[in-house]
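Working notes, beginning with the structure itself.
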Amino acid sequence: MDNTEYSRNIEIDVTTAYLPDQSEPEAHRFVFSYRIRITNHNAESVQLLSRQWRITDGNEHVQEVQGEGVVGEKPVIEPGKSYEYTSGTVLATEVGSMEGSYRMTTPDEREFDTPIEPFTLAQPNALH
């Protein structure tokens, strides 16, 4: 199996939420959470090594974020299983987007990138 096939067999589901209790719109502080479920549809386990995010707010201000693992972990995801975590980000606008990738590895140390398709972060009623 080539690395592209491994990447295609990883499913990423994202659910976002606006956190009004942590946000201060008058101070241009909009806080969002995102829950990500990573499902491994490959025949062998994979391990998530690192993440890379591109976060864009409504003013086209871009933040690049890179780091090891997710929420302090480098999870091993067995075939047919999922790993879920919740994290968050702060934007200066009520609408923005995120996209990125996860660097993964197989048990025989073949590394590959799994893309995370763009998703929207939006305060309720900010998008019409």
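All residue numbers for the sequence shown refer to the working numbering, where the first residue is 254 and numbers rise by one. Think of the CB as a built atom: it goes at the ideal place given N, C-alpha and C, for glycine as much as any other residue.
Simplified DSSP state of P332, which is helix, strand or coil: For the purposes of this step, residue 332 is taken as the residue at position 79 of the sequence shown. Looking at P332 - three-state DSSP - the assignment turns out to be coil, as it is neither helix nor strand.
Taking three-plus beta-carbon pairs below 8 angstroms as touching, is the stretch 301-312 in contact with the stretch 354-372? yes
Does the pairing of the stretch 262-281 with the stretch 317-324 give three or more beta-carbon distances under 8 angstroms? no
Extent of the continuous beta strand (DSSP E) to which N293 belongs: By one-based count along the sequence shown, residue 293 stands at place 40. N293 -> beta strand (DSSP E) spans 283-293.
T257 - containing alpha helix (DSSP H), residue span: Looking up residue 257 in the sequence shown gives position 4. T257 -> alpha helix (DSSP H) spans 256-261.
Inter-residue Cα distance where the pair is P377 and Q300: As a first step, residue 377 must be located in the sequence shown, where it is residue number 124. As a first step, residue 300 must be located in the sequence shown, where it is residue number 47. Near 35 angstroms, if we compare the C-alpha coordinates of Q300 and P377.
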